[in-house]
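**Q** Take the position in the sequence shown, starting the count at 1, then add 5; the result is the number in the numbering used here.
Backbone N, C-alpha and C define an ideal beta-carbon position, used for all residues, glycine too.
One structure follows; several queries about it will come next.
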Amino acid sequence: MNKILIGVLVVLGLLIVLVGGFVMWGTGVYDNAVKLQEDVNAEWANVQSTYQRRMDLIPNLVETVKGYANFEQETLTGVIEARSKATSVTIDPSKVTPQQFAQFQQAQDGLSSALSRLMVVVERYPDLKANQNFLDLQAQLEGTENRINVARQRYNDSIRLYNTYVRGFFKRFALGIFGGGEDFSVRKGFEASEGADKAPVVKF
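Shown next, in the form of C-alpha cells:
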C-alpha cells in the first residue's frame, strides 16, 4: 500500500514539475513576444516622428520657393499635393493589412520623389539656391531624409526579429494558450522601392 502511495505521489510530483515547467516556459514566451512587440511599436513611433519632421519642413520650403518669380508652379504644386496625400494616409501597423501598408509607403515615397523633382528644378535658380532660408532647409531636409532611412531600417530590423519569433511553431502554440487573446500577428515592414538604393537627393 505504501508502495502504491509512493508511486502515486511520484507521478503527481512529476506532473506538477512538468506542468510548472510548461507554464514557466509559456509565460516566458509570452513575455518575450510582448517585449519584441513593444520594440516594434517604439521603432514605428520613430518612423512617424521622422516623417512628421519632414512634413513640418515642407510649408517653409514652399513659402520660400513661392517668393521667387517664374518658378515652375507645376513642380511646386506636385510637392503640395504629395504632402497632402502623405498626410491623409495614416495607419496602425499592428492592425494594418499589407495593402494598406503598401499605400502608406507609396504615399511617403511619392512625397520623396516630388521633393527630388523640386530640387532638380531649383538648380536652375542660382539666386534661390543662395538664399539663407534655403541653405538652412537644405541641412534640415538632408538630415531628415537620412533619419527617415535609418528609422525605416531599424523598424524593419525589429519587424524581422518579432516575426521570426512569433512564427515559430512552438511559440505560436504557447502564445495561443498564454497570449490572453492578444494579437501577435506577423507585422508588415517597408519594402525597397524602385531606386531605393539611393536616398532622395536634396540639393539646393
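Where does GLY12 sit, in a helix, a strand or coil, going by DSSP?
**A** Three-state result, GLY12: helix.
**Q** If you follow the alpha helix (DSSP H) that PHE109 is part of, which residue opens it and which one closes it?
**A** Run containing PHE109: 103-127, per the alpha helix (DSSP H) assignment.
**Q** Do the region 11-22 and the region 160-174 touch if we need at least three Cβ pairs shorter than 8 Å?
**A** Taking 8 Å as the limit for Cβ pairs, the verdict is that the region 160-174 does not touch the region 11-22.
**Q** Go ahead and pull the three-state DSSP assignment for GLY83.
**A** Reduced to three states, the DSSP call for GLY83 is helix.
**Q** With H, G and I counted as helix, E and B as strand and the rest as coil, what does DSSP make of ARG192?
**A** The answer is coil: DSSP assigns ARG192 none of H, G, I, E or B.
**Q** Measuring CB to CB, does THR69 end up less than 9 Å from LEU142?
**A** Closer than 9 Å, so yes.
**Q** Residues in its own chain within less than 6 Å of VAL126 by CB, not counting five upstream and five downstream?
**A** Once the five neighbours on either side are set aside, the close Cβ partners of VAL126 are GLU77, THR80.
**Q** On the three-state DSSP scale, how would you describe LYS203?
**A** Because LYS203 carries a pLDDT of 46, less than 50, the predicted location of this residue cannot be relied on, and the following value inherits that uncertainty. LYS203 falls in the coil class under three-state DSSP.
**Q** For LYS179, which option in GLY12, GLY26, ILE11, ASN7 has the closest C-alpha, if you only look at C-alpha atoms?
**A** Looking at the sequence provided, one finds Ala at residue 179 rather than Lys. Minimum Cα distance to ALA179 is reached at GLY26.
**Q** Rounded to whole angstroms, what's the CA-CA distance from ARG172 to ASN136? Just pull it up for me.
**A** Near 53 Å, if we compare the C-alpha coordinates of ASN136 and ARG172.
**Q** CA-CA distance, GLU128 and THR55?
**A** For GLU128 and THR55, the distance between alpha carbons rounds to 26 Å.
**Q** Determine the extent of the alpha helix (DSSP H) in which THR149 is found, giving its start and end residues.
**A** Start and end: 137-171.
**Q** Please report how far the alpha carbon of SER190 lies from the alpha carbon of SER99, in whole angstroms.
**A** Taking the straight line joining both Cα atoms gives about 8 Å.
**Q** Under three-state DSSP, which class holds VAL52?
**A** Helix, per DSSP.
**Q** Using only the heavy atoms of the ligand ZN, determine whether one of them is closer than 8 Å to the beta carbon of ALA50.
**A** By its list of ligands, the structure shown contains no ligand whatsoever, and the ligand ZN lies outside what it can speak to.
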